[in-house]
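Undergrad:
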Amino acid sequence: MPEVTLIGTRLAEVGREFVFRGESSACEGCPYRGQCLDLSPGTRYRITDVRENAQTLDCAVHDGGVRAVEVEPAPTPANVPSRVAYAGSKAKLAGSCPYTDCPSHAYCVPDGVDFDVEYRIDEVIGDPPHDYCMLDRDLTLVELAPRED
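The sequence shown lines up with residues 1 to 149 when you count with our numbering.
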């Protein structure tokens with residue numbers, strides 16, 4: 001079920017995904033804190049609707065202000081060890097990777113996913129975008145289910 005929250009007007013578009021990082025120091029004293037900070041820190045969300053008739057509110061973090069959107073937890077594309085890459089199974093990430101230029105780096109170290117937590121695999125996508133893993137890992141690209149709080 002979608003939740004309503006506030007997000008920067010420049011970011012407010014259907015389909016955009018983001019990882020909620022929690023409160024900024026600039027949020028202190030803001031009258032809209034309760035509406036902005038109602039999401040779970042570290043969770044990936046997808047905007048499902050932008051409230052068209054909502055007014056733009058002033059914000060110390062977003063220079064164009066904020067507006068109301070509906071969001072829902074979103075699955076995360078990630079590389080996991082191939083031996084555990086089955087839809088419905090649980091898996092952890094293989095571990096950190098220092099090769100930031102690798103086309104798979106964003107999938108090996110995805111935003112909103114913790115290395116020490118097991119996630120349910122929603123879907124197996126297939127081969128990762130890299131040709132060769134510099135850490136000699138056998139990986140498969142999957143979609144991890146949103147974290148269950």
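For each residue, glycine too, the CB sits at the ideal point set by N, CA and C.
1) Given a threshold of 16 other Cβ atoms within 10 Å of its Cβ, counted over all protein chains shown, does Tyr-132 qualify as buried or as exposed?
2) In chain order, what residues of the same chain lie with their CB nearer than 6 Å to the CB of Pro-110, ignoring the 5 residues before and after it?
3) Could you say if the stretch 47-64 and the stretch 93-112 meet the contact criterion of at least three C-beta pairs nearer than 8 Å?
4) Who are the near neighbours of Val-14 in its chain, counting only those whose CB is closer than 8 Å to its CB and skipping five residues on each side?
5) Would you list the residues sitting across from Val-71 in a DSSP beta bridge?
6) Buried or exposed, going by whether 16 or more other CB atoms sit within 10 Å of the CB of Pro-129?
7) Give me, in chain order, the residues of the same chain whose beta-carbon lies closer than 8 Å to that of Arg-33; leave out the 5 immediate sequence neighbours on both sides.
8) Less than 6 Å between C-beta atoms, sequence neighbours within five positions excluded: which residues of the same chain meet that for Ser-89?
9) If we ignore side chains and look at the alpha-carbon of each, how far apart do Glu-123 and Ala-85 end up?
10) Helix, strand or coil: how does DSSP classify Gly-126 here?
11) Excluding the 5 residues preceding and the 5 following Val-19 in the sequence, name in chain order all residues of the same chain whose CB lies nearer than 8 Å to its CB.
12) Output yes or no for whether 8 Å exceeds the beta carbon distance between Cys-108 and Val-66.
13) When the Cα atoms are used, what is the spatial distance from Gln-55 to Ser-40?
TA: Taking the definition as stated:
1) Taking the first residue of the sequence shown as position 1, residue 132 is located at position 132. By the neighbour-count rule (16 or more Cβ atoms within 10 Å), Tyr-132 is not buried but exposed.
2) Position 110 of the sequence shown, counting from 1, holds the residue named residue 110. Result list for Pro-110: Thr-76, Ala-78, in chain order.
3) no
4) Position 14 of the sequence shown holds residue 14. Excluding sequence neighbours, Val-14 sits near Ile-47, Thr-48, Asp-49, Val-50.
5) The residue you call residue 71 lines up with position 71 of the sequence shown. In DSSP, Val-71 forms a bridge with Glu-3, Ile-47.
6) The count along the sequence shown starts at 1 and reaches residue 129 at position 129. By the neighbour-count rule (16 or more Cβ atoms within 10 Å), Pro-129 is not buried but exposed.
7) What you label residue 33 is simply residue 33 of the sequence shown in a count that begins at 1. Closer than 8 Å at the Cβ level, and outside the excluded window around Arg-33, lie Glu-23, Cys-27.
8) Taking the first residue of the sequence shown as position 1, residue 89 is located at position 89. Within the same chain, Ser-89 has close Cβ partners Ile-121.
9) Taking the sequence shown and counting its residues from 1, one reaches residue 123 at position 123. Taking the sequence shown and counting its residues from 1, one reaches residue 85 at position 85. C-alpha separation (whole angstroms): 9 Å.
10) One-based indexing of the sequence shown puts residue 126 at position 126. Gly-126: strand per DSSP, three-state reduction.
11) Indexing the sequence shown from 1 puts residue 19 at position 19. If we look at Val-19 and ignore the five residues flanking it on each side, its Cβ neighbours are Gly-42, Thr-43, Arg-44, Tyr-45, Asp-111, Gly-112.
12) Against the sequence shown, residue 108 aligns to sequence position 108. Against the sequence shown, residue 66 aligns to sequence position 66. It is not a contact, given that the beta carbons lie outside the stated cut-off.
13) As a working mapping, residue 55 is identified with position 55 in the sequence shown. As a working mapping, residue 40 is identified with position 40 in the sequence shown. Cα to Cα, Gln-55 sits roughly 24 Å from Ser-40.
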